[in-house]
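*Asks:* Before I ask anything, let me first share the structure, which is written out below as C-alpha cells.
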Amino acid sequence: MKVAILGAAGRMGRMLVSLAEERGMEVVAKVDLADGYDRTWEGAEVDAIVDFSFHSAVPGNISKAAEKGIAYVVGTTGLDAAEQAAVDAASAKIPVVQSVNYSLGVNLLLDLVEKAARTLGPGYDIEVVEMHHRHKKDAPSGTALMLAKAAAKGRGVDFASSAVFGRKGETGERTDDEIAIHALRGGSVVGDHTVMFAGEVERVELVHRAQDRRAFAAGALKAAEWAAGRACGLYTMRDVLGL
Ligand SMILES: NC(=O)c1ccc[n+]([C@@H]2O[C@H](COP(=O)([O-])OP(=O)(O)OC[C@H]3O[C@@H](n4cnc5c(N)ncnc54)[C@H](O)[C@@H]3O)[C@@H](O)[C@H]2O)c1
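Residues 11 to 253 (our numbering) make up the sequence shown, in order.
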C-alpha cells in the first residue's frame, strides 16, 4: 500500500514514517516544510494520505485528495469551522477517517465514560483533566473535548451549555450540570486524560495514559488501510475498530 505522510518531520510524522515502513507500507511522499522533505504529495501514486501536520494545511490537501479520489486520514487537530467544513465537503467524494485520538484505549474509554456518566447520574460531579508535553500548540486537547462530550451525552446534558474551561476568581459554587475541562502542560508527557466523577461518598476516576506515540501512529495507519478503497463518507476511529 502506498501512503503519503503529511507533517513527516514532526513528532507524530517521524513515528508514522518508521512504523509504516515497518508494516511494509511504501511511503511515497514525506511532506513537510522542513528541509530535506517533500513539499507536496501530488505527482506520486498514493492510496491514502495520513495527515498529522498543522490545521491550516488540511483544507488545501484534502480538497486536492478529493479531486484525485485518494483516501484521507485526518490526525491533525485544532481545525476551525471553515477548515472542518473543507473536511466535511471532501468526505462527499472520498473516504475520510477523522479522529482526534487514534489509540485503541481512548476509543474504548469513550464508551466507558458515557456509561459511567449515565450510571452514576447527577450526584457525581464530572471534571476532565488532561496533560500534554510543553510543545503542544492547542488547548484543551481534542481528546479531552471528546471525552467531555461523551460524559455530557451519558449525563443527558447539552455539552455547549455545560462546558467550563478552567476556573479563576469568584466563580461561585459549582453547578450540578457543569463539566469542567482543565489543561496542564509540561515536560514530555505524550498524553494523559482523567475523567473524574466526584460524589459525596466516593470518587470514580477513569484514566488513560499514552506512553508512546506509537499508540496513535499504529491506529492511524490501521485507519489508512481500512479506508483505502472504501465508499466515500466521514468515518471515525470507532468505525475502524468496529466499536
Ligand atoms: N489524532 C491523534 O491521535 C493525534 C495524536 C498526536 C498528535 N495529533 C495532532 O497531530 C498534529 C501534529 O502533532 P505533532 O506533535 O507531530 O506536531 P509537530 O509540531 O511535531 O509536527 C507537525 C509537523 O507539521 C509540519 N507542517 C506544518 N505546516 C505544514 C504544512 N503546511 N505542510 C506540511 N507540513 C507542515 C511542521 O513542520 C512539523 O514538522 C497536531 O495537530 C496534534 O495535535 C493528533
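From the three backbone atoms N, C-alpha and C, an ideal C-beta is built for every residue, glycine too.
Just checking my contact of Ser109 with Ala220 at CB under 8 Å: how many whole Å lie between their CB atoms?
*Replies:* One-based indexing of the sequence shown puts residue 109 at position 99. One-based indexing of the sequence shown puts residue 220 at position 210. In fact, because the Cβ distance is near 14 Å, the residues do not count as touching under 8 Å.
*Asks:* Return the bridge partner residues of Arg195 from the DSSP annotation.
*Replies:* Looking up residue 195 in the sequence shown gives position 185. The partner list for Arg195 (beta bridge, DSSP) reads His142.
*Asks:* With distance defined between alpha-carbon atoms, name the residue in Gly166, Asp187, Ala81, Leu16 nearest to Val174.
*Replies:* As a first step, residue 174 must be located in the sequence shown, where it is residue number 164. Selected option, being the one with the closest Cα: Asp187.
*Asks:* By the DSSP assignment, the alpha helix (DSSP H) with Leu16 in it spans what residues?
*Replies:* Along the sequence shown, one-based indexing puts residue 16 at 6. Run containing Leu16: none in the alpha helix (DSSP H); it sits in the beta strand (DSSP E), 12–16.
*Asks:* Any beta-carbon of chain C closer than 8 Å to the one on Gly46?
*Replies:* This model lacks chain C altogether, as it is built from one protein chain only.
*Asks:* Could you tell me whether the stretch 236–252 touches the stretch 96–108, where touching means 3 or more Cβ pairs closer than 8 Å?
*Replies:* These segments touch.
*Asks:* Classify Asp121 as helix, strand or coil using the three-state DSSP reduction.
*Replies:* Along the sequence shown, one-based indexing puts residue 121 at 111. Reduced to three states, the DSSP call for Asp121 is helix.
*Asks:* Got a sec? Which residues, its chain only, sit under 8 Å from Glu215 by beta carbon, not counting five neighbours each side?
*Replies:* By 1-based counting over the sequence shown, the position of residue 215 is 205. Closer than 8 Å at Cβ, skipping near neighbours: Thr204, Val205, Met206, Phe207.
*Asks:* Applying the criterion that 16 or more other CB atoms from any shown protein chain within 10 Å of the CB defines a buried residue, is Glu140 buried or exposed?
*Replies:* In the sequence shown, residue 140 corresponds to position 130, counting from 1. Buried, by the Cβ-count rule.
*Asks:* Would you tell me roughly how many angstroms separate the C-alpha atoms of Ala126 and Ile80, rounded to the nearest one?
*Replies:* As a position in the sequence shown, residue 126 is number 116, starting the count at 1. As a position in the sequence shown, residue 80 is number 70, starting the count at 1. About 39 Å.
*Asks:* Starting from the N-terminal end, write out each residue whose C-beta falls within a distance shorter than 6 Å of any non-hydrogen atom of ligand 1.
*Replies:* Cβ atoms closer than 6 Å to ligand 1 belong to Leu16, Gly17, Ala19, Gly20, Arg21, Met22, Gly23, Val41, Asp42, Leu43, Ala44, Phe62, Ser63, Phe64, Ala67, Gly85, Thr86, Thr87, Gly88, Ser109, Val110, Asn111, Tyr112, Phe226.
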